[in-house]
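Engineer:
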Amino acid sequence: MKSKKEKYKKMLEMGGAFLFLLLFWTIFSLILNRPVLPPPWEALETFFDTFNSLLLPHLMQSTFRVLVSLVLALFFGAFAGLVIGRWSKVDDYASPLIYLTYPIPKIALLPVLMGIMGIGEASKIFLISLIIFFQILVTTRDAVRGVNRQIISSVVSLGASERDLFLHVFIPASLPKIFTSLRISLGTAMAVLFLTETFATVRGIGYFILDASMRGRYQEVFAGIIAMSLLGLALFVVVDLLERKVCPWQYI
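With UniProt numbering applied, the sequence shown has no gaps in its numbers, which climb one by one up to 252 at the end.
#1: Grouping DSSP H, G and I as helix and E and B as strand, with all else coil, what is ILE119?
#2: I'd like the span of the alpha helix (DSSP H) that includes HIS58, first residue to last.
#3: Using the Cβ count rule (16 or more neighbours within 10 Å means buried), how would you classify GLU243?
#4: Using the beta-carbon count (16 or more within 10 Å), is ARG86 buried or exposed?
#5: Whole angstroms is fine: what's the gap from LEU109's alpha carbon to MET214's?
#6: For MET114, I'd like the list of residues in its chain whose CB is within less than 8 Å of its CB, leaving aside the five on either flank, ordered along the chain.
#7: Across the segment 186-200 and the segment 48-68, are there enough close Cβ pairs to call them in contact, namely three or more that are closer than 8 Å?
#8: Indicate the three-state DSSP secondary structure (helix, strand or coil) for ARG203 in the structure shown.
#9: Tell me, please, whether the CB atom of ALA80 is closer than 8 Å to any CB atom in chain B?
#10: Taking the alpha carbon of PRO40 as the reference point, which residue from GLY232, LEU231, ILE225 and LYS245 has its own alpha carbon closest?
#11: For VAL221, which residues in the same chain have their Cβ closer than 7 Å to its Cβ, ignoring the five residues on either side in sequence?
#12: On a CA-only basis, which of VAL237, ILE171, ARG217 and ILE107 is nearest VAL36? Give me that one, please.
#13: PHE134 and TYR93: beta carbons closer than 8 Å?
Dropping the structure here:
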């Protein structure tokens, strides 16, 4: 467990990073001196003024989309990775398919998915989940394959079943790397979330930012960017807290 001193240090580091960002933003906006890049105090004022009336409904919709997508990708990606990593025969058939489909720019599939699944939530959530799914799958598979074979043999010699191997060897060994993959995937998820929300929807932070930019309301554009940044920060914090809860041995 972290001491209070370490927690305060972490808060100071985060505050320092925030102040540095504000300083850089202020200097750049003053140098550019154009409406397209308002100073941070104008963007923050717009953020607080419009939060309840305009931003909150869009933020809630974006939060729903990204959370559902992450949960689906985590469940199916980790499950598939565990199975493929455990059995080499499955890996022999699955890996070529993974390597063939993983590099495809899946955002290009959005119009196709909308044609198949409609313009509602399903196509957007499926696309975000699909992109994150491959990252988690590959990471989990490699983590399982990287487990020391002597450990597996020792546990099996003690009478462990296949279920015991998954519960007490493969899953614990994979969890830290799964959480690392999840952190990396968060950035991708936020980027894809923005893109999906600029197609055939009137709800979401992506739509809010695009709509404000088309109307030349750049303070609202940056208010939306701030909201999306805070959503990403909140997700990172949640992932960190979950890892501390699920993988306490990582923080001893």
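All C-beta atoms, glycine included, are put in the ideal place defined by N, C-alpha and C. Keep in mind it's a predicted model, so treat the numbers as computed, not measured.
Structural biologist: With the given structure in hand:
#1: Here ILE119 sits in coil by DSSP.
#2: Counting along the chain, the unbroken alpha helix (DSSP H) around HIS58 starts and ends at 56-86.
#3: Buried is the call here.
#4: Buried: at least 16 other Cβ atoms inside 10 Å.
#5: Spanning the two alpha carbons is a distance of roughly 25 Å.
#6: SER123, PHE199 and ALA200, listed in sequence order.
#7: Under the three-pair Cβ rule at 8 Å, the segment 186-200 counts as touching the segment 48-68.
#8: Residue state for ARG203 is assigned as coil, using DSSP reduced to three classes.
#9: The structure shown has no chain B; it contains just one protein chain.
#10: When the alpha-carbon of PRO40 is set against those of GLY232, LEU231, ILE225 and LYS245, the nearest one is in ILE225.
#11: Contacts found: ILE209, ALA212 and SER213.
#12: In terms of Cα proximity to VAL36, the closest of VAL237, ILE171, ARG217 and ILE107 is ARG217.
#13: With contacts defined as CB atoms closer than 8 Å, PHE134 and TYR93 fail to qualify as a contacting pair.
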